[in-house]
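Numbered per numbering that gives the first Met the number 0, the sequence shown spans residues 0 to 323.
Every residue gets a Cβ at the ideal spot worked out from N, C-alpha and C, and that includes glycine.
Predicted, not measured: the structure shown is a model, and the values here were computed from it.
Taking it in order: structure first as structure tokens, then the write-up.
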Amino acid sequence: MSFFHPVNIGNVKLEGNLFLAPMAGYTDRVFRALCLEEGAYLAYTEMVSCEGLARDNEPTKDLAVRARGEKNLALQLFGPDEDTAQRSIETALKFKPQIIDFNCGCPVPKVTRTGAGSALMKSPATIGKIVRVLKESTGLPVTVKIRTGWDTKSMNYLECAEEAFGAGADALCMHARTKSQLYTPTAHWEYLADLKKHFPDRVIIGSGDLFCARDALSMFEQTGVDAVSFARGAIGNPFIFRQTEQLLKGQEPQEISADRKARTLLRQLEELAAVMGEDRACREMRKHVGFYLKGVPGSVHVKRITCTAVTVDQYRQALKILDS
Ligand SMILES: Cc1cc2nc3c(=O)[nH]c(=O)nc-3n(C[C@H](O)[C@H](O)[C@H](O)COP(=O)(O)O)c2cc1C
Numbered sequence: 000m001s002f003f004h005p006v007n008i009g010n011v012k013l014e015g016n017l018f019l020a021p022m023a024g025y026t027d028r029v030f031r032a033l034c035l036e037e038g039a040y041l042a043y044t045e046m047v048s049c050e051g052l053a054r055d056n057e058p059t060k061d062l063a064v065r066a067r068g069e070k071n072l073a074l075q076l077f078g079p080d081e082d083t084a085q086r087s088i089e090t091a092l093k094f095k096p097q098i099i100d101f102n103c104g105c106p107v108p109k110v111t112r113t114g115a116g117s118a119l120m121k122s123p124a125t126i127g128k129i130v131r132v133l134k135e136s137t138g139l140p141v142t143v144k145i146r147t148g149w150d151t152k153s154m155n156y157l158e159c160a161e162e163a164f165g166a167g168a169d170a171l172c173m174h175a176r177t178k179s180q181l182y183t184p185t186a187h188w189e190y191l192a193d194l195k196k197h198f199p200d201r202v203i204i205g206s207g208d209l210f211c212a213r214d215a216l217s218m219f220e221q222t223g224v225d226a227v228s229f230a231r232g233a234i235g236n237p238f239i240f241r242q243t244e245q246l247l248k249g250q251e252p253q254e255i256s257a258d259r260k261a262r263t264l265l266r267q268l269e270e271l272a273a274v275m276g277e278d279r280a281c282r283e284m285r286k287h288v289g290f291y292l293k294g295v296p297g298s299v300h301v302k303r304i305t306c307t308a309v310t311v312d313q314y315r316q317a318l319k320i321l322d323s
């Protein structure tokens, strides 16, 4: 069987196994819509606070809004325990998600100090309790995102997976690094292979160091995961999904011209402006520009202009430099 294939997460049938990973500050509804248009088969929201949802907090709720054309809303929640998860459900369901994901991987101290994110890996039984509550109270497919462990001395991904699946999780995504490793050095894909070996009949999603189509092919080859989840590799590069599908189907991945990158960047900015207003969108978009234009001749000038730009037209004018 080809590495590219449909995958089911509970009753949600996905036509392909190339996903956008949850990324706080990046996988907003505009970027998710773009990635889905460009070939992602599922796009996770950024992590959304259970406590914020339980308190009906408006900025928190804004993160849970469905993207344009998003058939399957995969809402990622984070919180420290099953009670907080339970209190968030009523509000979470108002957004009509198709999949609930639970974050057990965030390494940020503000989150782990509360017992949430990767701190949950220190208490695998709590992961099980949370999954049980989510499954029973929502009736939706539940996925869980973990790391390999808190640090190299306490790698307990198998135990955490056992708890999650034992409580009814429909899929598990593992970022193949410990909490202490944050985002470097290289991810240890051998632990993804080990996880899949221990749970051959479960849906395992791989994450870590997927920066191009060939990385995804290598992860499939080396680990046997059922799906891959692109994170940093998709920022400023939503084309990575279709390129990967092409490669997995034995085709040459399509090269993306500077013009197409510029047009896609502008489209993302225009849609962001419609959602949050022009000034805020222009500021927000600055962090994406360098990723879109990496290696593009003339991009230094564009970056210089856009780092102070506050109108869409300033971006448009700056990007014209790439035409000449
Ligand atoms: C800026 C940023 C924000 C992230 N936010 C989240 C998040 O909200 N929830 C989550 O489960 N993982 C989050 N992650 C982790 C990614 O989903 C992914 O597992 C990780 O970046 C490894 O993949 P990569 O090496 O291909 O980037 C984040 C990563 C980055 C770089």
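{"Query": "heavy atom of ligand 1 below 7 Å from Asp-208 C-beta", "Result": "yes"}
{"Query": "Beta carbon of Arg-31 nearer than 8 Å to that of Glu-57", "Result": "no"}
{"Query": "Contact test: Glu-45 Cβ vs ligand 1 heavy atom, cutoff 7 Å", "Result": "yes"}
{"Query": "Alpha helix (DSSP H) runs wholly inside the stretch 142-204, at least 4 long, in chain order", "Result": "156-165, 188-197"}
{"Query": "Sequence-distant residues of the same chain with beta carbon closer than 6 Å to Ser-298, five excluded per side", "Result": "Leu-292"}
{"Query": "Pairwise C-alpha distance: Gly-205 and Arg-212", "Result": "According to the sequence shown, residue 212 is Ala rather than Arg. So the two alpha carbons sit approximately 14 Å from each other."}
{"Query": "Reference Leu-74; option with closest CA among Gly-235, Ile-88, Thr-113, Gly-289", "Result": "Ile-88"}
{"Query": "Those residues which DSSP pairs with Ile-98 across a bridge", "Result": "Ala-73"}
{"Query": "Closer than 7 Å: Tyr-182 CB and nearest ligand 1 heavy atom", "Result": "yes"}
{"Query": "With 16 other Cβ atoms within 10 Å as the buried cut-off, status of Pro-21", "Result": "buried"}
{"Query": "Rounded straight-line distance, which links the Cα of Gly-78 to that of Asp-61", "Result": "17 Å"}
{"Query": "Residue span of the beta strand (DSSP E) that contains Ala-226, given as start and end", "Result": "226-229"}
{"Query": "Euclidean distance between Cα positions of Glu-158 and Gly-38", "Result": "34 Å"}
{"Query": "Neighbour-count burial assignment, Arg-112, 16 or more Cβ in a 10 Å radius", "Result": "exposed"}
{"Query": "Cutoff 7 Å; reference Asn-236; Cβ partners in own chain excluding five residues on either side", "Result": "Phe-290"}
{"Query": "Alpha carbon of Thr-83 to alpha carbon of Trp-149, nearest angstrom", "Result": "22 Å"}
{"Query": "Check whether Phe-18 and Ala-226 have beta carbons under 8 Å apart", "Result": "yes"}
{"Query": "Own chain residues within Cβ distance below 6 Å of Ile-255, not counting five before or after", "Result": "Phe-238"}
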